[in-house]
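Heads up: the sequence lines are chains A and B, in that order. Using numbering that gives the first Met the number 0, the letters of the first sequence map in sequence onto residues 0 to 184. Using numbering that gives the first Met the number 0, the letters of the second sequence map in sequence onto residues 0 to 371. The beta-carbon is built from N, C-alpha and C at its ideal position, and this holds for glycine as well. From a predicted model like this one, the values you see are computed outputs, not experimental measurements. The structure appears below as structure tokens.
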Amino acid sequence: MPERPHFRSLIGVLIAALASIQGGGACAAEAPGAPRLGHRLTPEQAQRQSLNVFPDGRGLPAGRGTAAEGRPLFQQKCAACHGQAGRGASAEELAGGEAPLTSQSPDKTIGLYWPYATTIFDFTRRAMPLSAPGSLSDDEIYALTAYLLFENRLIGEREEMNPVTLPRVHMPNRDGFIGTDAQAR
Amino acid sequence: MRTPGTPFSTYGQPSRHESQVVRRIGANRLAPGNGVSWTPLEDLEGFITPTGLHFERHHNGVPEIDPARHTLTIHGRVKSPLAFSVADLLRYPMQSQLVFIECGGNSNAGWHNVPIQRPVGSFHGMVSCSEWTGVPLSLLLDEAGLDSSATWAVAEGADAIAMNVSLPVDKLMDDCLVALYQNGERLRPEHGYPLRLIVPGWEGVLNVKWLHRLELTDQPVMARNETAKYTELQPDGKARQFTFVMEAKSLITSPSHGQHLPSAGYYQIGGLAWSGRGRIRRVEVSADGGRTWADAALQDPVLPRCLTRFRLPWHWSGRPAILKSRATDESGYVQPERQALISQRGSNGYFHCNAIVSWAVDEDGDVTHVYA
Numbered sequence: 000m001p002e003r004p005h006f007r008s009l010i011g012v013l014i015a016a017l018a019s020i021q022g023g024g025a026c027a028a029e030a031p032g033a034p035r036l037g038h039r040l041t042p043e044q045a046q047r048q049s050l051n052v053f054p055d056g057r058g059l060p061a062g063r064g065t066a067a068e069g070r071p072l073f074q075q076k077c078a079a080c081h082g083q084a085g086r087g088a089s090a091e092e093l094a095g096g097e098a099p100l101t102s103q104s105p106d107k108t109i110g111l112y113w114p115y116a117t118t119i120f121d122f123t124r125r126a127m128p129l130s131a132p133g134s135l136s137d138d139e140i141y142a143l144t145a146y147l148l149f150e151n152r153l154i155g156e157r158e159e160m161n162p163v164t165l166p167r168v169h170m171p172n173r174d175g176f177i178g179t180d181a182q183a184r
Numbered sequence: 000m001r002t003p004g005t006p007f008s009t010y011g012q013p014s015r016h017e018s019q020v021v022r023r024i025g026a027n028r029l030a031p032g033n034g035v036s037w038t039p040l041e042d043l044e045g046f047i048t049p050t051g052l053h054f055e056r057h058h059n060g061v062p063e064i065d066p067a068r069h070t071l072t073i074h075g076r077v078k079s080p081l082a083f084s085v086a087d088l089l090r091y092p093m094q095s096q097l098v099f100i101e102c103g104g105n106s107n108a109g110w111h112n113v114p115i116q117r118p119v120g121s122f123h124g125m126v127s128c129s130e131w132t133g134v135p136l137s138l139l140l141d142e143a144g145l146d147s148s149a150t151w152a153v154a155e156g157a158d159a160i161a162m163n164v165s166l167p168v169d170k171l172m173d174d175c176l177v178a179l180y181q182n183g184e185r186l187r188p189e190h191g192y193p194l195r196l197i198v199p200g201w202e203g204v205l206n207v208k209w210l211h212r213l214e215l216t217d218q219p220v221m222a223r224n225e226t227a228k229y230t231e232l233q234p235d236g237k238a239r240q241f242t243f244v245m246e247a248k249s250l251i252t253s254p255s256h257g258q259h260l261p262s263a264g265y266y267q268i269g270g271l272a273w274s275g276r277g278r279i280r281r282v283e284v285s286a287d288g289g290r291t292w293a294d295a296a297l298q299d300p301v302l303p304r305c306l307t308r309f310r311l312p313w314h315w316s317g318r319p320a321i322l323k324s325r326a327t328d329e330s331g332y333v334q335p336e337r338q339a340l341i342s343q344r345g346s347n348g349y350f351h352c353n354a355i356v357s358w359a360v361d362e363d364g365d366v367t368h369v370y371a
């Protein structure tokens, strides 16, 4: 597929050349091919503002934090909607789930349902808190991520989350998803 | 004697006698920009949804975007990372597609144990249909030049939560649009002004509004909205993921919940059918709870991945009746009965409820939602 516009522009040049041979000059009906108006960026320029964090840790910024550091932050910035220790309130429960995924009324908390720890960082950095997304520092996001993992009993209270350790956190439901209309790889 | 009418208006509005025809809003009390508004399907005819009544799903409000400062960046696994201004995109060749957009969570009350009693639009109204016009995304991806390893793209919106979601590149190259226009006019803010990704036939969350970034990758990003949400937990504990296609569905919108048939006699049964796999081939209607079925007439045009209006005249005897509709699409897929869907997937999936909907007409002519 990537060859197609090139091919089209070649045809466009040919048509333009034919038109000029016939003395038509700039013909209103000529097919000029793809417009190609995009402004080139360097990969660094383009990547700079990307917020995507992939399961292998690609996209994670430098920084660090622990659950002990995250606890007061959660209390201050998150608990009003997500409840004490993420047990759920006006916003969904994030931790404290007991009912397994095969039960009548399963808890879809981070520990029971979410397949990747990196998703917590990705979503918190781009979206939270709802009243002021983008206001948390990278260290604060690592600390809040660590706190949520700790409350889901996935890491220790003083275990540091950083670009290396976060993608390595074992998520119990890592293999719990079946690609239906597409496969991850 | 007649009196002169009102003068011209710069932008027309519905009659004041129709002021009750509005979207029904359901949002989080503490976060009013996080929620939905439903299309009042029970009040509409035809298959185009008026733009002001097209359903909304926002995660953190509608952003105010100056088009002069908005760009679409395409980067990642491409030969040339590119940025396009809105003015640039307006110069590209455009295409139009008449397609429905349906939220993956539409009709989710259908999973409840007790039938919800609400107007049809306040239950199934997270589906709407428009003419979307914009630049075929394949043109822009070709311009950037895809690496052979670019199998996925992560689309991102410029709203407050910078909503992101992953899509397979094959679909983006096939029929997706970067839309600038809806129903002939530039997008409205709540539908993604100035740019919206249109992903025909696939679930609503992929149709990213306020589109400003596409990062080409070799894998999905595993965003919150493709892992924790928009996945369907099944009874065995495994969840269906990347359930992109909105499967065939139909609804009778008239008569439907809350309506009243004043007396026995002639009525017109009418409703909507659609399928993310293509055209609707057939809609059958039953007035006896599914024992016998009759083919409804399909209103032209019957377009792929577009709402299709169906109609069938009906003589109501005055005795209790149960109305159902059942859609079949051109792939041969038949809309399932609710019980069959639950047997297959359980009732904790939350998303993708496309079961047959039943309305009971009692002997007084009142219409309610039932499981039958």
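Beta-bridge partners of B/Arg-195 (DSSP): B/Ala-178 and B/Lys-208. A direct Cα-to-Cα measurement between B/Val-207 and B/Ile-279 gives close to 26 Å. A/Ala-66 places its beta carbon 8 Å or farther from that of A/Glu-139. In the three-state reduction of the DSSP assignment, B/Trp-292 falls in the coil class.
Cα atoms of A/Arg-35 and B/Leu-89: separation of roughly 12 Å, rounded to the nearest angstrom. Setting aside the 5 residues that flank it on each side, B/Asn-59 is surrounded in the same chain by Ala-30, Gly-32, Asn-33, Asp-158, Ala-159 and Ile-160, each with a C-beta closer than 8 Å to its C-beta; the list follows chain order. Among the residues of chain B, those whose CB is under 8 Å from the CB of A/Ile-177 are Lys-237, Ala-238, Arg-239 and Gln-240, following chain order. A/Ala-78: not part of any beta strand (DSSP E); member of the alpha helix (DSSP H) spanning 78–81, first to last residue.
Listed along chain A, the residues sitting closer than 9 Å to B/Thr-226 by beta-carbon distance are Tyr-112, Trp-113, Pro-114, Tyr-115, Thr-118 and Phe-176. With respect to A/Ala-88, A/Gly-82 sits close: the two C-beta atoms are nearer than 8 Å.
Among the residues of chain A, those whose CB is under 8 Å from the CB of B/Asn-27 are Ser-89 and Ala-90, following chain order.
At a beta-carbon threshold of 9 Å, none of the residues of chain B lie near A/His-81; the nearest stands roughly 11 Å away.
For the stretch 64–92 of chain B, residues whose beta-carbon sits nearer than 7 Å to a beta-carbon of chain A comprise Thr-72, His-74, Ser-79, Pro-80, Leu-81, Ala-82, Phe-83, Asp-87, Arg-90 and Tyr-91.
Excluding residues up to 5 positions away in sequence, His-368, Val-369 and Tyr-370 lie with their Cβ nearer than 6 Å to the Cβ of B/Pro-114 in the same chain. Contact between the stretch 113–125 of chain A and the stretch 49–67 of chain B is not established, with fewer than three Cβ pairs separated by less than 8 Å. Residues of the stretch 45–61 of chain A with a C-beta atom less than 9 Å from some C-beta of chain B are Ala-45, Gln-46, Gln-48, Ser-49, Leu-50, Asn-51, Val-52, Phe-53, Pro-54, Asp-55, Arg-57 and Gly-58, listed in chain order. Look at B/Val-220: its C-beta is under 8 Å from a C-beta on chain A.
Relative to B/Leu-71, the option among B/Asp-141, B/Trp-292, B/Ala-26 and B/Leu-213 whose CA is nearest is B/Leu-213.
If you compare the alpha carbons of B/Tyr-229, B/Asp-217, B/Val-198 and B/Gly-191 with that of B/His-211, the shortest gap goes to B/Gly-191.
Looking at B/Lys-228, B/Lys-237, B/Ser-79 and B/Arg-223, the one whose alpha-carbon comes closest to that of A/Asp-174 is B/Lys-237. Per DSSP, A/Ala-126 is one residue of the alpha helix (DSSP H) stretching across 117–126. Spanning the alpha carbons of A/Ala-98 and A/Tyr-112 requires a straight line of approximately 11 Å. For A/Pro-71, none of the residues of chain B pass the 7 Å Cβ criterion, the least Cβ distance being about 21 Å. For the stretch 29–43 of chain A, the set of positions with a beta-carbon nearer than 8 Å to some beta-carbon of chain B reads Ala-33, Pro-34, Arg-35, Leu-36, Gly-37, His-38, Arg-39, Leu-40, Thr-41 and Pro-42 in chain order.
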